[in-house]
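Protein chains in written order, with our numbering: chain S, 4 to 115; chain V, 4 to 115.
As C-alpha cells, then:
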C-alpha cells in the first residue's frame, strides 16, 4: 500500500477542534505562542504541542523572534485532502446512481 | 469552544492510509471483515478495529449476515469537512491577495 505521511498528518492535525480554531485565529494574523494560548486557556506547553502537530503537517510555520516564537499560517493548501475527498464523494454519487437505476428497473419489472 | 465530535472523528478516521484504502475498496462493493482483511494482510482483530473507527465516524455501516459481518460504505458525504477546508482555502487566498497588494504598494513606493 502506498503511504502518504503528509496527507495522514494533515488529516490528523485537523481532527482536533483546538487546532482547527488555531488555524482560524492565524488567518487573522501572526501570533506568538502566548497570544495563542491565553484566550483559549491552554498552558504554554499544551499550545506548543498543538503548534508542533500543525507545523509537522505543514499547516503553520514558526519563527523565533527575540524570546518569543511567532506562529503564522503555512503555505499548505490541502490539495491532496481535497483530491481524496473529491474522489470519495464521486464514488458515493456513482453508488447512488447505480441504486437509482436498480430501483427504476425493479419498478419497471413490477409494472410488467 | 464549540465541539464537533463527528467532524473530529471523520478527520481522524481519514488520517490512516489503511482506512482510506478500505473506503476505496468498499466503493467497489460490500465486503465481509475477512474479505477486507485478507488482501491487505491485516489480522481480523486489526481489521475490526479499523472498521469500528470508520463506523463511529459514520463512514461505513456494518450488518451481521449469518456468521459474517458485512461492511458497506456509509451515507456520510463529508460535507462538514468540505465546508471547513473551503473556509481555510479561502482564508489562504485572502492572505495571498493582501500580500500581493502589499508587494505592489512597496514596488510603487520604490519607483517614486
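Backbone N, C-alpha and C fix where the C-beta goes; we use that ideal spot for every residue, glycine too.
- request: Tell me, please, which residues DSSP counts as bridged to residue 72 of chain S.
  value: Bridge partners of residue 72 of chain S: S:67.
field: Members of the stretch 98-111 of chain S that neighbour chain V once the beta carbon cut-off is set at 8 Å
entry: Legend: CB atoms of the stretch 98-111 of chain S lying less than 8 Å from CB atoms of chain V belong to residues 98.
field: Rounded straight-line distance, which links the Cα of residue 35 of chain V to that of residue 103 of chain V
entry: Using only the alpha carbons, I get a separation of about 53 Å.
Through-space distance from residue 94 of chain V to residue 105 of chain V, alpha-carbon basis: Taking the straight line from one Cα to the other gives about 17 Å.
- prompt: Got a sec: is the Cβ-Cβ distance from residue 42 of chain S to anything in chain V below 8 Å?
  reply: The C-beta of residue 42 of chain S comes no closer than 8 Å to any C-beta of chain V.
field: Three-state secondary structure assigned by DSSP to residue 13 of chain S
entry: Three-state result, residue 13 of chain S: helix.
field: Bridge-paired residues (DSSP) for residue 60 of chain V
entry: Per DSSP, none; premise fails for residue 60 of chain V.
- request: Spatial neighbours of residue 21 of chain S within its chain, please: CB distance less than 8 Å, with the 5 preceding and 5 following residues excluded, ordered by chain position.
  value: Only residues of its own chain outside the window of five on either side were considered, and among them 43, 45 and 53 have a CB closer than 8 Å to the CB of residue 21 of chain S, listed in chain order.
Residue 15 of chain S beta carbon less than 8 Å from that of residue 62 of chain S: Cβ distance not < 8 Å, so residue 62 of chain S and residue 15 of chain S don't count as in contact.
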